Amino acid sequence: MADLIPAPVAVRQSPEGAVRLDAAATVHAAPGTEDTARWLRGALGAAFGLPLDPAARAEEATVRLSLDESLAAEAYRLDIGPDEAVHLTGGGPAGVFWGAQTLRQLLGAEAFRSAPVAAAEAVLAYQRIEDAPRFGWRGMMLDVARHFMPKNDVLRYLDLLAAHKLNVFHFHLTDDQGWRIEIKRHPRLTEVGSWRPRSKWGHRASELWNDTPHGGYYTQDDIREIVAYAHARHITVVPEIDIPGHSQAAISAYPELGNTDVVDTSALGVWDTWGINPNILAPTDGVLRFYEEVFEEVLALFPSQFVHIGGDEAPKDQWKQSPTAQARIKELGLADEDELQSWFIRHFDTWLAERGRRLIGWDEILEGGLAPGAAVSSWRGYRGGIAAAKSGHDVVMCPEQQVYLDHRQHGGPDEPMPIGYVRTLEDVYRFEPVPPELSAEEARHVLGTQANVWTEVMENRRRVDYQVFPRLAAFAEVAWSALPAPAERDFAAFASRMTEHYARLDALGVDYRPPAGPRPDQQRPGVIGRPIEGAPPNV
Ligand code: ACM
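In my numbering, the protein residues as written are -14 to 524.
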């Protein structure tokens, strides 16, 4: 059996035999499955040099794609049998697509190449697979603000998510260090806000600078392309525009967005180092209107039901000092600055709801009262997610202690720019998104889970690959497969299946962390990372 990752619910081996996909092989797509037929033709056609022509009738096709409404929307059944046909049936179009990902894995690592290599043969052993995901939200967040990821590399990441049956791409588009999405109404957001003259090299405590200017942004057509590419892979792109904190890039472009009665915001540039930034948005009508105009363009680009408004790490010092903010607190009858943040967030919760969307934010949006209908990304551990679920709010579990992939994956001194906790492949494999504190009823509010990829110390695609892989494979299995309780998970069996998966990642050109440790070019270039408690400062 091919070593499938994520593991399917059930595999039944059939009598000896195999279906061969050769130049005569055809694909029939029942209505609703056409996108998967296109994807199969593109991916497998390229890897094996096969035309995979359309068949007029299902009965004469080698690969037969269909829907069966008795299955859940993302569930599928893959039946490869003695009738010399491959039957791939999904509960909905997405289920068929996830089944096609399994089909590709069954064809071996060569199926992950972009052109055929001499010996590659597309052979599928007779078997029957039944499968369905544990969670409906299986995501990865990518921070393209700290380091910009060029569009084609983003498209490549969408392919990598699809190959792991992940279906949410949380796109962290704005932060203190860069604004990455073109907003036609406010062009300086990208003209000014997408560039910084230099970057801190390593942790903020490092004395080193990378003096190469850094920047870039996605035009609205780039965004449309990314969203359409994701859609064709049954991935939802959830945009994040972070407010009221993490906003220095926006304030540097439009100084009136900041607390001008406290600091000279016209002197602020796009931030060149890392950490929590004091320059948050001013709670004025003008700022609310400005961001409504931003969100109007965002909504036109992203069909996602959820829109992420950040809400994390907004220090209240400037609001405490600002006569404008204090007058607002008084006028609204609020108790303090936390309630002012809550008012700010609620404004956009209502605004989004009026437009048929739902707000999601980091768990700080719980402080000062959670806006009704809002969902929470629980990042500071499970606590916020537990509180949110117990009060009837939906939750995406992404605790930093478990699934922040910027954190080091080994305690050795060779890790590149090591930051944060050591979280190994096995640690991620044993991550449990639903904490025991939740009753079965409350646990229904856990929409799912996502791994977060913050890029302060990842200056390019290869560094992102190193941090993300192989751990995203373990994460995908946690999010998709019905694994037992963490202590009972068979990590040895998973590690054994990873041997085949590394070959797939090699064929895809993924610069993962090799099991034996980083290659020389992947090692730490003597740069300080974030210390962990009890460790020497540079470990
Ligand atoms: C976060 O890591 N500040 C959400």
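The beta carbon of each residue, even a glycine, is placed where N, CA and C say it ideally should be. Keep in mind that this is a model prediction, so the values were computed, not measured.
C-alpha gap between residue i and residue j, whole angstroms
i, j, result
"V247", "P300", "14 angstroms"
"V(-6)", "V453", "25 angstroms"
"G27", "E339", "40 angstroms"
"L490", "A458", "10 angstroms"
"P263", "S307", "13 angstroms"
"R225", "Y276", "In the sequence as presented, Arg is not what sits at residue 225; that position holds Glu. Computed Cα separation, rounded: 12 angstroms."
"R(-3)", "R209", "41 angstroms"
"P398", "Y61", "44 angstroms"
"G358", "F333", "12 angstroms"
"L23", "L88", "In the sequence on display, residue 23 carries Arg and not Leu. Straight-line Cα distance between these residues: approximately 14 angstroms."
"P384", "W122", "15 angstroms"
"V4", "A110", "6 angstroms"
"R189", "H199", "17 angstroms"
"M483", "A(-13)", "11 angstroms"
"R49", "A58", "18 angstroms"
"S232", "W336", "20 angstroms"
"A464", "G230", "30 angstroms"
"R509", "E400", "5 angstroms"
"V512", "D391", "15 angstroms"
"A100", "I404", "38 angstroms"
"L317", "L325", "9 angstroms"
"F133", "F82", "29 angstroms"
"R98", "H219", "21 angstroms"
"H395", "W259", "23 angstroms"
"E444", "W194", "12 angstroms"
"W439", "T47", "44 angstroms"
"V222", "E1", "42 angstroms"
"V279", "V12", "44 angstroms"
Selection from the options that minimises the alpha carbon distance to residue i
i, options, result
"E349", "R331, E277, A338 and E339", "R331"
"L373", "G405, R183 and P420", "A small fix is needed here, since residue 373 is Ala in this sequence, not Leu. When only C-alpha atoms are compared, the closest one is P420."
"I261", "D302, P500, L286 and H171", "D302"
"L52", "G397, G80, S191 and P39", "G80"
"V413", "D399, L423, P401 and Q435", "Q435"
"D506", "L174, M483 and R448", "R448"
"L158", "M126, E176 and D257", "M126"
"T197", "D206, R446, S184 and G230", "S184"
"F291", "A320, D379, L317 and S55", "D379"
"P455", "A425, A488, L410 and L423", "L410"
For residue i, the three-state DSSP class (helix, strand or coil)
i, result
"A356", "coil"
"Y202", "coil"
"P240", "helix"
"G30", "helix"
"E59", "coil"
"S251", "helix"
"E598", "No information on residue 598 is available, as it lies outside the stretch -14 to 524 that the chain covers here."
"D160", "strand"
"A14", "strand"
"L37", "coil"
"D196", "coil"
"V48", "strand"
"P401", "coil"
"I226", "strand"
"H216", "helix"
First and last residue of the uninterrupted beta strand (DSSP E) at residue i
i, result
"G433", "V431 to V438"
"E167", "Premise fails: E167 is in no beta strand (DSSP E) and is neither H nor E."
"R365", "That residue, R365, is in no beta strand (DSSP E); it is neither H nor E in DSSP."
"V153", "V153 to H157"
"L73", "A70 to G75"
"R113", "A107 to D116"
"Q(-2)", "A(-5) to L6"
"H231", "Premise fails: H231 is in no beta strand (DSSP E) and is neither H nor E."
Endpoints, the alpha helix (DSSP H) within which residue i is located
i, result
"D302", "D302 to Q306"
"P78", "P78 to L91"
"A94", "Premise fails: A94 is in no alpha helix (DSSP H) and is neither H nor E."
"W465", "R456 to W465"
"G271", "D270 to L286"
"A148", "K136 to A148"
"R173", "R173 to E176"
"H486", "F476 to L493"
"Q326", "E322 to E339"
"D412", "L410 to Y414"
"R446", "R446 to V453"
"A428", "A425 to A428"
"E385", "E385 to V388"
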